[in-house]
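Sequential numbering from 40 applies to the sequence shown in the numbering used here. Ideal Cβ positions, reconstructed from N, Cα and C, are used throughout, including at glycine. On a predicted model such as this, the values are computed, not experimentally measured, just so you know. Presented below is the structure to which this report refers.
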Amino acid sequence: MKFIRHTLRKSTAVGLAFAAGGVLALSGSAQAAEQRAAYMGCPSGYVCLYPNAGWNGGVPSHKWYRYGAYNIYNQYGMKRFFNNQTGGAVARNCLGTNGTRCQGAQRAGTYADYDYTPYNSVKLEP
Numbered sequence: 040m041k042f043i044r045h046t047l048r049k050s051t052a053v054g055l056a057f058a059a060g061g062v063l064a065l066s067g068s069a070q071a072a073e074q075r076a077a078y079m080g081c082p083s084g085y086v087c088l089y090p091n092a093g094w095n096g097g098v099p100s101h102k103w104y105r106y107g108a109y110n111i112y113n114q115y116g117m118k119r120f121f122n123n124q125t126g127g128a129v130a131r132n133c134l135g136t137n138g139t140r141c142q143g144a145q146r147a148g149t150y151a152d153y154d155y156t157p158y159n160s161v162k163l164e165p
């Protein structure tokens, strides 16, 4: 499993006003909460599946956002599975349909390449 490293930036707005020969400085936080950014075509909060063992030019073949199970059809061979969810959310590949017989727990912010021939569903969990 490989980790995606994002550089999250905080910005601070600083305004300067010149009045009567003096300098007045104002500052404030531009953003209170940070979010993970979209990466390789996979929006923040999503789990994405790419059609091969690579990023496919940033174009995933499947994107899932809500927690739950998703059946997948006609997926064979090596695919890249990217969990771009936030917090402690995990994504699992499952041998059975409807999120049954799941294997492993891929943590948020990670991707891995899997042979999808035996898998029949994907499950997103908090």
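- Here DSSP, grouped into helix, strand and coil, assigns N95 to helix.
- Rounded to the nearest whole angstrom, the C-alpha separation of G126 and F120 is 18 Å.
- Contact between L163 and G80 is ruled out by a C-beta separation of about 18 Å, above the 8 Å threshold.
- In its chain, beyond the 5 residues on either side, M79, G80 have a beta carbon closer than 6 Å to the beta carbon of G97.
- For C133 against N159, the beta-carbon gap comes to about 7 Å, under 8 Å, which counts as contact.
- Excluding sequence positions up to five before and after A130, its CB lies within less than 6 Å of the CB of V86, N122, Q145, L163, all in the same chain and listed in chain order.
- The beta strand (DSSP E) runs lying completely inside the stretch 97-142 and spanning 3 residues or more are 101-103, 107-110, 117-122, 129-133, given in chain order.
- By the neighbour-count criterion, in which 16 or more other beta carbons inside 10 Å mark a residue as buried, A128 falls on the buried side.
- A151 is bridged by DSSP to F120.
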